[in-house]
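S.K.: Mind looking over this structure? Questions follow.
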């Protein structure tokens with residue numbers, strides 16, 4: 000397992016977290032954070048790689064193949080996502096109208112396809128854990144931009160999870176053979192939490208990246224701080240991530256409808 004936090008190193012422009020041409024750490028993907036100021040322009044074009052560009056916050060114009068989309072997202076907590084998924088050889092131009100921060104994920108896929116823009120009305124949003132499951136400890140919103148269902152031509156999956164203060168996500172602990180990256184954003188820069196992956200525990204911070212390639216994983220956010228993390232998965236050849244979730248057998252009882260009846264409650268009723 001690897002965890003990176005580059006806040007002290009971040010600069011205007013593209014900040015690489017994973018460069019698969021050097022060492023992809025098992026992810027088979029390039030991952031980076033693009034920081035832009037008003038008037039800045041960034042161009043992405045690769046003959047062999049597809050790319051996903053997710054707007055975390057700001058105001059930008061996406062342009063590709065003669066098409067243009069204006070995207071405004073003040074933050075990733077109160078506003079749903081904009082994400083462009085473009086096939087190899089597509090020239091994508093991003094122009095900032097204000098300070099903007101974007102997550103970029105790319106991988107080899109030499110089969111071209113027409114780019115798709117996922118706007119807030121197209122992003123799948125699920126409200127998880129709001130039915131009182133596990134005494135309300137796993138409340139979170141899961142936003143899926145694209146996966147095997149709506150983008151079977153892509154070698155990647157990308158979405159977001161909004162992890163409420165003091166709550167858990169990616170829970171109960173589970174794993175899948177496909178590698179996954181978590182890129183963390185907190186509503187306050189001093190926000191923090193914790194994650195489990197590859198048999199290790201790591202502390203999460205704003206603009207931190209976790210790389211999960213093995214074993215069970217789950218996360219929790221500290222009380223008082225909300226976390227929105229991008230989750231990116233690389234399909235394996237012949238074994239795509241098809242909402243694949245292998246739950247920890249030791250904790251399967253947590254999935255039972257009557258699980259709350261078997262959880263100790265404080266005698267005061269609080």
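Residue numbers (my numbering): 0 to 269.
Cβ atoms here follow ideal geometry from the backbone N, Cα and C, with glycine treated the same way.
Computed from a predicted structure; not experimentally measured.
What runs of the beta strand (DSSP E), each 3 residues or longer, lie entirely inside the stretch 62-142?
M.R.: The stretch 62-142 contains these whole beta strand (DSSP E) runs: 66-72, 82-85, 91-95, 99-107, 115-117 and 123-127.
S.K.: Round the Cβ separation of residue 89 and residue 63 to the nearest angstrom and send it over; I've been treating them as touching at under 8 angstroms.
M.R.: At roughly 6 angstroms, the Cβ-Cβ gap stays under 8 angstroms, so residue 89 and residue 63 are in contact.
S.K.: Which of helix, strand or coil does DSSP assign to residue 252?
M.R.: Correct three-state label for residue 252: helix.
S.K.: What residues in its chain sit with their C-beta under 7 angstroms from that of residue 36, if we drop five residues either side in the sequence?
M.R.: Excluding positions up to five away in sequence, the list reads 11, 95 and 98.
S.K.: For my contact list, residue 4 and residue 190 are in at a C-beta cut-off of 8 angstroms; report their separation, rounded to the angstrom.
M.R.: The pair is not a contact, with the Cβ atoms about 12 angstroms apart (cut-off 8 angstroms).
S.K.: Return the chain-ordered list of same chain residues with a C-beta closer than 7 angstroms to the C-beta of residue 55, the five sequence neighbours on each side being excluded.
M.R.: Result list for residue 55: 75, 100, 101, 102 and 184, in chain order.
S.K.: For residue 236, tell me which candidate among 174, 108 and 229 has the shortest Cα-Cα distance.
M.R.: Nearest C-alpha to residue 236: 108.
S.K.: Leaving out five residues before and five after residue 79 in sequence, what residues of the same chain have Cβ atoms less than 6 angstroms from its Cβ?
M.R.: Correct list, in chain order: 119 and 122.
S.K.: Could you check where the beta strand (DSSP E) with residue 194 kicks off and where it finishes?
M.R.: It spans 191-196 - the beta strand (DSSP E) in which residue 194 sits, taken as one unbroken run.
S.K.: Which residue or residues does DSSP assign as beta-bridge partners of residue 262?
M.R.: Paired residues: none, contrary to the question.
S.K.: How is residue 48 classed by DSSP in three states: helix, strand or coil?
M.R.: DSSP places residue 48 in strand when its eight states are reduced to three.
S.K.: Alpha carbon to alpha carbon, what distance is there between residue 47 and residue 205?
M.R.: If I take the Cα positions, the gap works out to 31 angstroms.
S.K.: By DSSP, does residue 167 sit in helix, in strand, or in coil?
M.R.: Here residue 167 sits in strand by DSSP.
S.K.: In angstroms with no decimal places, state the Cα-to-Cα distance between residue 130 and residue 20.
M.R.: Using only the alpha carbons, I get a separation of about 45 angstroms.
S.K.: Thinking C-alpha only, which one of 70, 77, 51 and 57 is nearest residue 86?
M.R.: Of 70, 77, 51 and 57, the residue nearest in Cα terms is 51.
S.K.: Are at least three pairs of beta-carbons, each pair with one atom in the stretch 169-189 and one in the stretch 228-246, less than 8 angstroms apart?
M.R.: The stretch 169-189 is in contact with the stretch 228-246.
S.K.: Hey, how far is the Cα of residue 262 from the Cα of residue 146?
M.R.: Taking the straight line from one Cα to the other gives about 34 angstroms.
S.K.: Are residue 161 and residue 193 touching if we call contact CB-CB under 7 angstroms?
M.R.: No, the pair does not count as a contact, with Cβ atoms beyond the cut-off.
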